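Residue numbers (the working numbering): 2 to 469. For each residue, glycine too, the CB sits at the ideal point set by N, CA and C. Because the structure is a prediction, the values reported are computed rather than measured. Contents: one structure, followed by commentary.
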Ligand code: CTP
């Protein structure tokens with residue numbers, strides 16, 4: 002079969018082909034580029050394999066471009082990389098690899114195209130396009146990868162045990178590709194993952210997190226999580242999540258399966274946001290439920306304070322998974338800690354001060370918090386679900402009206418610490434903080450308006466009280 006070369010590719014492919022002829026090295030495009038182009042997915046990484054020196058080929062090719070691009074070479078790996086327009090092109094010599102069992106660092110030897118295709122992870126990633134004069138553009142497909150692309154199947158080219166033992170990260174990659182491309186994993190390949198799952202322990206947390214985040218960014222991430230769980234991978238790096246699995250029953254009262262609920266919330270939120278960290282907030286929103294679960298006679302199952310417990314667990318989970326510990330973690334922690342607040346405000350108990358406090362606490366994150374809360378409504382009971390949605394809409398409207406009136410969301414104290422110090426002629430002290438807090442509380446409680454004059458008058462009263 003011949004690959005349909007697009008107009009924008011023809012020039013580049015021909016120049017690589019010319020360079021290959023000059024150094025007399027048979028050359029091919031391989032891997033993800035071929036897969037994605039056949040699937041019609043956008044792709045910017047072009048991997049070129051030659052039977053010879055990848056670095057030499059890259060040099061010969063670079064000379065043909067005007068201006069000559071900067072070449073980044075990694076002599077130790079025999080690779081060279083350059084950027085051309087929006088393509089990142091990497092050149093490497095064809096290799097055979099054998100892996101030691103205690104490491105994922107391969108021992109590399111020169112090899113043929115066939116050797117190179119053999120060592121690849123999945124049949125759909127082992128396709129090559131020839132750039133050689135005699136069969137320019139033809140597809141070399143030793144493992145029927147084209148058929149697997151058509152049938153939407155993830156299959157290893159060799160015995161799955163060998164493929165996964167060579168590089169256990171591939172178990173996650175397989176599930177990630179199945180999630181991203183919405184493919185199925187071939188049953189024998191999947192059994193291979195189950196058998197080799199324990200080998201994941203040699204893979205670094207960073208690489209696991211990269212794959213996991215890609216799964217989280219899929220259209221329907223729950224599918225990837227279910228596969229990770231069934232494969233026996235999820236519990237190894239995310240035991241807090243698998244601890245939510247299952248339903249316990251006492252005196253005929255059962256609670257919901259919080260693992261399935263979490264995945265449903267994640268799918269729900271994924272329909273409304275591409276913000277990875279908001280998706281993470283949905284994954285972690287109930288993560289403390291396993292430890293806060295109690296059975297109370299006459300009441301049933303309770304998870305009191307689970308949002309506080311969940312928020313407290315966020316830094317530890319981020320640290321272990323090597324996710325960023327900066328503002329992103331703080332953002333996730335904030336949303337997790339607040340996720341129960343809007344929905345616990347019901348028509349019966351909602352007061353303006355409770356709404357003002359929510360506006361104040363959520364601040365910038367209010368909109369994202371409300372997206373999370375809506376996604377959290379997963380009840381299967383129609384009446385209950387409608388009640389929750391009505392309540393959610395009621396609270397949203399209240400938030401909108403009160404924010405318009407009081408402007409609490411990006412609250413800045415109308416009277417600053419400096420003003421307090423200047424008026425009373427006092428240095429920075431505990432009392433200045435007490436006066437500031439008192440003003441804030443009075444505004445949130447609705448005792449005074451959120452404006453300078455009212456706050457200044459109130460400051461005078463509180464100053465007398467605290468400073469006398
Ligand atoms: N590959 C492999 N085993 C790995 C990683 C990569 O066999 N653990 C091979 C596959 O043939 C893959 C190619 O190297 O197609 C390029 O890898 P990479 O750039 O990581 O992945 P892509 O397949 O291009 O896909 P993506 O960019 O979505 O990760």
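Rounded to a whole number of angstroms, what is the C-alpha to C-alpha distance between residue i and residue j?
{"i": "residue 151", "j": "residue 31", "result": "18 Å"}
{"i": "residue 459", "j": "residue 412", "result": "17 Å"}
{"i": "residue 252", "j": "residue 213", "result": "39 Å"}
{"i": "residue 443", "j": "residue 383", "result": "41 Å"}
{"i": "residue 298", "j": "residue 449", "result": "44 Å"}
{"i": "residue 67", "j": "residue 87", "result": "15 Å"}
{"i": "residue 464", "j": "residue 243", "result": "53 Å"}
{"i": "residue 400", "j": "residue 340", "result": "15 Å"}
{"i": "residue 277", "j": "residue 310", "result": "22 Å"}
{"i": "residue 352", "j": "residue 192", "result": "56 Å"}
{"i": "residue 419", "j": "residue 369", "result": "33 Å"}
{"i": "residue 255", "j": "residue 289", "result": "18 Å"}
{"i": "residue 329", "j": "residue 367", "result": "15 Å"}
{"i": "residue 94", "j": "residue 75", "result": "12 Å"}
My output table needs one value for residue i: the three-state DSSP class, helix, strand or coil.
{"i": "residue 137", "result": "coil"}
{"i": "residue 251", "result": "strand"}
{"i": "residue 244", "result": "coil"}
{"i": "residue 131", "result": "strand"}
{"i": "residue 156", "result": "coil"}
{"i": "residue 416", "result": "coil"}
{"i": "residue 519", "result": "Beyond the ends of the chain as shown, which are 2 and 469, falls residue 519; an answer cannot be given."}
{"i": "residue 167", "result": "helix"}
{"i": "residue 3", "result": "strand"}
{"i": "residue 234", "result": "coil"}
{"i": "residue 275", "result": "coil"}
{"i": "residue 142", "result": "coil"}
{"i": "residue 409", "result": "coil"}
{"i": "residue 204", "result": "coil"}
{"i": "residue 185", "result": "strand"}
{"i": "residue 48", "result": "strand"}
{"i": "residue 467", "result": "helix"}
{"i": "residue 268", "result": "helix"}
{"i": "residue 256", "result": "coil"}
{"i": "residue 262", "result": "helix"}
{"i": "residue 451", "result": "coil"}
{"i": "residue 180", "result": "helix"}
Give a yes or no on whether the C-beta atoms belonging to residue i and residue j are separated by under 8 Å.
{"i": "residue 415", "j": "residue 466", "result": "no"}
{"i": "residue 16", "j": "residue 62", "result": "yes"}
{"i": "residue 321", "j": "residue 163", "result": "no"}
{"i": "residue 138", "j": "residue 4", "result": "yes"}
{"i": "residue 245", "j": "residue 260", "result": "yes"}
{"i": "residue 456", "j": "residue 436", "result": "no"}
{"i": "residue 153", "j": "residue 184", "result": "yes"}
{"i": "residue 291", "j": "residue 337", "result": "no"}
{"i": "residue 195", "j": "residue 247", "result": "no"}
{"i": "residue 410", "j": "residue 364", "result": "yes"}
{"i": "residue 266", "j": "residue 286", "result": "yes"}
{"i": "residue 116", "j": "residue 128", "result": "no"}
{"i": "residue 360", "j": "residue 404", "result": "yes"}
Is the closest heavy atom of the ligand COA to the C-beta of residue i under 7 Å?
{"i": "residue 126", "result": "Of the ligands this structure carries, namely the ligand CTP, none is the ligand COA."}
When the cut-off is 8 Å and only beta carbons count, does residue i lie next to chain B?
{"i": "residue 426", "result": "Reference to chain B is not applicable here, since this structure consists of a single protein chain."}
What residues in its chain sit with their C-beta under 6 Å from that of residue i, if we drop five residues either side in the sequence?
{"i": "residue 473", "result": "A query on residue 473 cannot be resolved here, the shown segment of the chain reaching from 2 to 469 and no further."}
{"i": "residue 273", "result": "372"}
{"i": "residue 57", "result": "24"}
In chain order, what residues of the same chain lie with their CB nearer than 8 Å to the CB of residue i, ignoring the 5 residues before and after it?
{"i": "residue 468", "result": "425, 427 and 432"}
{"i": "residue 25", "result": "53"}
{"i": "residue 45", "result": "87, 88 and 89"}
Can you give me the Cβ contacts of residue i inside the same chain, cut-off strictly under 7 Å, excluding the 5 residues immediately before and after it?
{"i": "residue 208", "result": "170"}
{"i": "residue 293", "result": "304, 305, 306, 307 and 310"}
{"i": "residue 230", "result": "243"}
{"i": "residue 159", "result": "119"}
What runs of the beta strand (DSSP E), each 3 residues or longer, lie entirely inside the stretch 290-337? Annotation: the stretch 290-337 contains the following complete segments of the beta strand (DSSP E) (minimum length 3 residues), in chain order: 295-297 and 301-303.
Beta strand (DSSP E) runs wholly inside the stretch 50-119, at least 3 long, in chain order: Entirely contained in the stretch 50-119, the beta strand (DSSP E) runs reaching 3 residues are, in chain order, 73-75, 80-85, 88-94, 96-100 and 107-111.
Note down, one range per segment and in chain order, each alpha helix (DSSP H) of at least 4 residues found wholly within the stretch 336-384. Taken in chain order, the unbroken stretches of alpha helix (DSSP H) that lie wholly in the stretch 336-384 and span 4 residues or more are 342-345, 353-363 and 367-376.
Could you give the uninterrupted runs of the beta strand (DSSP E) lying entirely in the stretch 15-41, keeping only those of 3 residues or more? Listed in chain order, they are 28-31.
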